[in-house]
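A.B. asks: Structure below; questions to follow.
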Amino acid sequence: MEELGMAANGGQTYIPFQDNIHVPTLAYTPLDRPSPLIPELEMKQQYIDRGYRMGMQCQHFLPGVTPEMLDWWWANMEKGYYLWAPGAHKRFTWVREPWKYGFLGSAHMISESMVPGIPVFGGNGIQIDRLGLDMFPFKTHLKHVLVEGIFNRKGEFVDSTVHMWEEAAGGSIHITASFFNTKITEPPAFILENPDAKPQKPEDAKSHAEYEASQWPVFLPKLFDLWKNHPDPSQSVPCDLSVREKEDGTLEYIAENGPVVL
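Those letters in the sequence shown? Residues 1 to 262, by the UniProt record's numbering.
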């Protein structure tokens, strides 16, 4: 009998992705914005010179969600990925699990529906790698940062989503932003396989980011509370994504966030 590998995906199940395009998403109210608003992000010139350009950005106030909860979320996404965008998120699987490879060595694969009725974004799956802070392109930042992105088959960086957050009275303030590489020589593999398996409009991606953010206050405090005293750190992976600025103006993580050692 063939031996199959097992990925720590929380036992999630799904029907074939391209057959699952008509599930409706939930009605939702976009979150309030921070008060005062966070200044719009600007890219550093050195990243512009590489050919990187700003995509979308949006900001939120997350009531009842602490920075600790968000830090934990990014290393434990399999526990609530379907709750993060109900009806839109189709699949989540760790390719390299944080408990085994450390946070910066981790990667996951996803398929999502940006708009019901069109091909699933990502086709059969997009691998998303956690990137080092040398890829953080913005002039300003919040106290906690995540940078993740995708590459094409040639190893060229294609695009990135950046999340930033920090504590505020009653919860956290948060930014979702994206940037992309204008100098790639071919698109990522999932677009080569199916040119329709991508967001049809830039506003679709921004609307999806708003939908995801709106769900964090609904499920994350409850989920975090269920797991906070779990005794096995390989199953509830600790994570601290707070950053500090170095003398040269670049960022570094304060915590190592390495593989779990029992």
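Beta carbons are placed, not taken as given, at the ideal position from N, Cα and C, and that holds for glycine.
1. Looking only at C-alpha atoms, which of H108, K90, H144 and P137 sits nearest to F121?
2. Go through its chain and collect everything with a Cβ distance to E42's Cβ below 7 Å, but skip five positions before and after it.
3. From what residue to what residue does the beta strand (DSSP E) around P63 run?
4. Would you list the one or two residues that DSSP bridges to residue 263?
5. If I measure Cβ to Cβ from F179 and keep anything under 8 Å in the same chain, skipping five residues before and after, which residues do I get?
6. So, is M1 buried or exposed, given that buried needs 16 or more other C-beta atoms within 10 angstroms?
7. At 4 residues or longer, and completely inside the region 69-146: list those alpha helix (DSSP H) runs for me, N to C.
8. Bridge partners of G171, per DSSP?
9. Quick check on this structure: which residue in E148, G80, N124 and I118 has the alpha carbon closest to the alpha carbon of A107?
10. Report the residue from D196, K228, D19 and P188 whose alpha carbon sits nearest the alpha carbon of Q127.
11. Quick one, which of N20, D49, P39 and P63 has its alpha-carbon nearest D32's?
12. According to DSSP, E210 sits in a beta bridge with which residue or residues?
13. Look at the alpha carbon of S172 and the alpha carbon of M164, and state the distance between them as a whole number of angstroms.
14. So for L41, helix, strand or coil by DSSP?
15. Pick helix, strand or coil for V243, following the three-state DSSP scheme.
16. Per the contact definition of three or more C-beta pairs closer than 8 Å, is the region 75-91 in contact with the region 109-121?
17. For L192, report the span of its alpha helix (DSSP H) as first-last.
18. Answer with buried or exposed for N76, where buried requires no fewer than 16 other C-beta atoms within 10 angstroms of its C-beta.
19. So, under 8 Å CB-CB, H174 and Q59 are touching, yes? Tell me the CB distance rounded to an integer number of Å.
20. So, for G87: in the same chain, excluding its five sequence neighbours on each side, which residues have a beta-carbon less than 7 Å away from its beta-carbon?
21. Contact check, W74 vs C239 under 8 Å by CB: the rounded distance?
22. Can you give me the C-alpha to C-alpha distance between K228 and S236, rounded to a whole angstrom?
23. Run the CB neighbour count on D232, radius 10 Å, all protein chains shown included, and call it buried at 16 or more, exposed below.
24. Sort D134, V115, I191 and L142 by Cα distance to F151 and report the nearest one.
C.D. replies: Let me spell this out:
1. If you number the sequence shown from 1, residue 121 lands on position 121. Nearest of H108, K90, H144 and P137 to F121, Cα basis: K90.
2. Counting from 1 along the sequence shown, the entry for residue 42 is found at position 42. Taking E42 as the centre and dropping the five residues before and after it, the same chain places the C-beta of F138 and K139 closer than 7 Å to its C-beta, in chain order.
3. Working through the sequence shown from its first residue, we reach residue 63 at position 63. For P63, the enclosing beta strand (DSSP E) starts and ends at Y52 to P63.
4. Beyond the ends of the chain as shown, which are 1 and 262, falls residue 263; an answer cannot be given.
5. Working through the sequence shown from its first residue, we reach residue 179 at position 179. Within the same chain, F179 has close Cβ partners M43, Y47, Y52, R53, M54, G55, P137, D159, S160 and V162.
6. Start at 1 with the first residue of the sequence shown, and residue 1 comes out as number 1. Low local confidence applies: a pLDDT of 43 at M1 is under 50, so the model's placement there is unreliable, with the coordinate-based value given in what follows. With fewer than 16 Cβ atoms within 10 Å of its Cβ, M1 is classed as exposed.
7. For the region 69-146, whole alpha helix (DSSP H) runs of length 4 or above, ordered along the chain, are 81-84 and 98-101.
8. Counting from 1 along the sequence shown, the entry for residue 171 is found at position 171. Bridge partners of G171: P63 and A168.
9. As a working note, residue 107 is residue 107 in the sequence shown. Measuring from the Cα of A107, the nearest candidate turns out to be E148.
10. Within the sequence shown, numbered from 1, the residue matching residue 127 stands at position 127. Looking at the Cα atoms, P188 is the closest of the given residues.
11. The sequence position of residue 32 within the sequence shown is 32, counting from 1. Comparing Cα-Cα distances from D32 to each of N20, D49, P39 and P63, the minimum goes to P63.
12. The residue given as residue 210 occupies position 210 in the sequence shown. Paired residues: none, contrary to the question.
13. For the purposes of this step, residue 172 is identified with residue 172 of the sequence shown, where counting begins at 1. For the purposes of this step, residue 164 is identified with residue 164 of the sequence shown, where counting begins at 1. The alpha-carbon of S172 is positioned some 10 Å away from that of M164.
14. In the sequence shown, the residue the question calls residue 41 occupies position 41. In the three-state DSSP reduction, L41 falls in the coil class, being neither helix nor strand.
15. The count along the sequence shown starts at 1 and reaches residue 243 at position 243. Note: V243 maps to strand in three-state DSSP.
16. Flag = yes, the region 109-121 and the region 75-91 touch.
17. Walking along the sequence shown from the start, residue 192 turns up at place 192. First-last of the alpha helix (DSSP H) with L192: A189 to E193.
18. As a first step, residue 76 is located in the sequence shown; it is residue number 76 there, counting from the start. With 16 or more Cβ atoms within 10 Å of its Cβ, N76 is classed as buried.
19. Sequence index remark: in the sequence shown, residue 174 carries index 174 (1-based). Sequence index remark: in the sequence shown, residue 59 carries index 59 (1-based). The distance from the Cβ of H174 to that of Q59 is about 7 Å, consistent with a contact at the 8 Å cut-off.
20. As a working mapping, residue 87 is identified with position 87 in the sequence shown. The residues V23, P24, T25 and L26, in chain order, have a CB closer than 7 Å to that of G87 in the same chain once the five nearest residues on each side in sequence are set aside.
21. The residue you call residue 74 lines up with position 74 of the sequence shown. The residue you call residue 239 lines up with position 239 of the sequence shown. Their Cβ separation, rounded to whole angstroms, is 6 Å, which keeps W74 and C239 in contact under 8 Å.
22. Counting from one through the sequence shown, the residue named residue 228 turns up at place 228. Counting from one through the sequence shown, the residue named residue 236 turns up at place 236. Linking K228 to S236 through their CA atoms gives a straight-line distance of about 8 Å.
23. Counting from one through the sequence shown, the residue named residue 232 turns up at place 232. With fewer than 16 other Cβ atoms within 10 Å, it is exposed.
24. Within the sequence shown, residue 151 is the residue found at index 151, counting from 1. Nearest of D134, V115, I191 and L142 to F151, Cα basis: I191.
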